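Trainee: Residue numbering for the sequence shown follows numbering that gives the first Met the number 0, starting at 0 and increasing by one per position. I am attaching a structure below and will ask some questions about it afterwards.
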Amino acid sequence: MSNYIKLINNFDALKLMTFRSNIDAFIDEVNSNKSNLVDALYSLTEKEMNFRQDRVNKAMIITSHFPFVKTFDDYDFSYQSRLNKDEVMDLKNLRFIESNDNIVFMGTPGTGKTHLAISIGIECAKNRYQTYFINCNDLILQLKKAKHENTLARRLKHFTSYSVLIIDEVGFLPIEAEDSNLLFQLISMRYEKHPTIFTTNKSFNHWGEVFGDSVIANAMLDRILHHSKVFQIVGPSYRRKGKENLFNDD
């Protein structure tokens with residue numbers, strides 16, 4: 000068996016996939032004096048590192064349970080001209096994680112609240128922060144189920160442990176007061192420990208109606224807003240873009 004074959008086998012054993020797929024180009028580059036040995040090795044190891052980082056990113060994104068992948072580059076800030084692009088893009092530095100600042104995206108349906116929340120979440124996941132995305136009503140159902148099974152404390156601890164928790168569509172459906180208390184417990188446990196990102200189509204003065212109890216709603220808002228960045232998106236729906244004429248009266 001030639002040393003070349005042994006080398007390929009070693010790459011397989013060590014799971015150096017990019018080394019294996021690029022070794023022939025590497026050898027040709029060195030033999031033809033297009034690159035010196037150090038530069039060629041650096042290029043080869045960079046490919047391997049990028050491959051591994053990309054694999055980690057994909058794994059982190061999958062475990063974060065995003066319903067789809069969205070990035071800041073996909074968001075049309077010109078369509079929502081009243082939204083401060085610089086302030087939103089500043090979130091990419093992820094300083095809000097260290098300062099435990101919550102983020103709230105508030106606006107009518109179709110304005111890109113979930114898009115932006117996912118974009119931030121993906122940045123968090125890529126930087127290896129444990130991130131989890133969940134619809135508010137799905138979260139309530141999980142907490143109710145845990146309470147019924149006498150595992151609520153464990154479930155609350157599970158959701159509290161995430162470095163970044165994204166709760167989508169708060170207020171999209173009304174929540175009974177008893178169930179609101181479950182969400183309040185989670186928000187209280189995460190308060191000043193880990194940031195939470197919320198999307199909501201309801202202004203804060205309507206949260207009492209949403210949660211069926213103004214006392215619980217106000218207590219939640221106190222903890223959410225104490226350390227927070229709030230973005231109110233006032234503009235047309237992306238989903239209706241190009242179909243505005245269908246809503247004309249004439």
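Beta carbons are placed, not taken as given, at the ideal position from N, Cα and C, and that holds for glycine. Source: prediction; values computed, not measured.
Which residue wins for smallest C-alpha separation from valine 233, given the options His225, Asn134, Ser80, Asp75?
Mentor: Of the candidates His225, Asn134, Ser80, Asp75, the one whose C-alpha sits nearest the C-alpha of valine 233 is Ser80.
Trainee: Does the Cβ-Cβ distance between glycine 111 and phenylalanine 65 come in under 8 Å?
Mentor: No, Cβ-Cβ distance for glycine 111 and phenylalanine 65 is not below 8 Å.
Trainee: Quick one: Cα of arginine 153 to Cα of glycine 170, how far?
Mentor: Using only the alpha carbons, I get a separation of about 25 Å.
Trainee: Under a three-way DSSP split, which group does threonine 17 fall into?
Mentor: Threonine 17 falls in the helix class under three-state DSSP.
Trainee: Distance check for alanine 12 and isoleucine 215, CA to CA, integer angstroms please.
Mentor: Rounded to the nearest angstrom, the two C-alpha atoms are 57 Å apart.
Trainee: How many whole angstroms separate the CB atoms of leucine 181 and isoleucine 139, which I take to be in contact at a CB cut-off of 8 Å?
Mentor: Yes, they are in contact, since the Cβ atoms of leucine 181 and isoleucine 139 sit about 6 Å apart, within 8 Å.
Trainee: Is the beta carbon of lysine 125 less than 8 Å from the beta carbon of methionine 48?
Mentor: No. Outside cutoff.
Trainee: Cα-Cα, which of His225, Ser77, Ser179 is closest to phenylalanine 210?
Mentor: Checked all of His225, Ser77, Ser179; the closest Cα to phenylalanine 210 is Ser179.
Trainee: For asparagine 30, count neighbouring Cβ atoms within 10 angstroms of its own Cβ and tell me buried if that reaches 16, exposed if not.
Mentor: Exposed.
Trainee: Have a look at Ser236, Pro235, Lys228 and flag the residue whose alpha-carbon is nearest the alpha-carbon of leucine 93.
Mentor: Considering only alpha carbons, the answer is Lys228.
Trainee: Mapping DSSP to helix, strand and coil, what is tyrosine 131?
Mentor: Strand, per DSSP.
Trainee: I need the DSSP call for phenylalanine 203, collapsed to helix, strand or coil.
Mentor: Phenylalanine 203: helix per DSSP, three-state reduction.
Trainee: Considering methionine 0, what are the terminal residues of the beta strand (DSSP E) in which it resides?
Mentor: Where methionine 0 is concerned, there is no enclosing beta strand (DSSP E), given that its DSSP letter is neither H nor E.
Trainee: Should the region 200-209 be called in touch with the region 84-99, which here means at least 3 C-beta pairs below 8 Å?
Mentor: Output reads no: the region 84-99 does not touch the region 200-209.
Trainee: Check whether the region 0-20 and the region 41-56 are in contact - that is, three or more C-beta pairs closer than 8 Å.
Mentor: Counting Cβ pairs under 8 Å, three or more are found: they touch.
Trainee: Below 8 Å on the Cβ atoms is my guess for asparagine 83 versus proline 194; work out the distance and round it to an integer in Å.
Mentor: About 19 Å separates the two Cβ atoms, so there is no contact after all.
Trainee: Run through DSSP, which three-state label would asparagine 101 get?
Mentor: Correct three-state label for asparagine 101: strand.
Trainee: Can you tell me which of the three DSSP states isoleucine 232 falls into?
Mentor: Strand.
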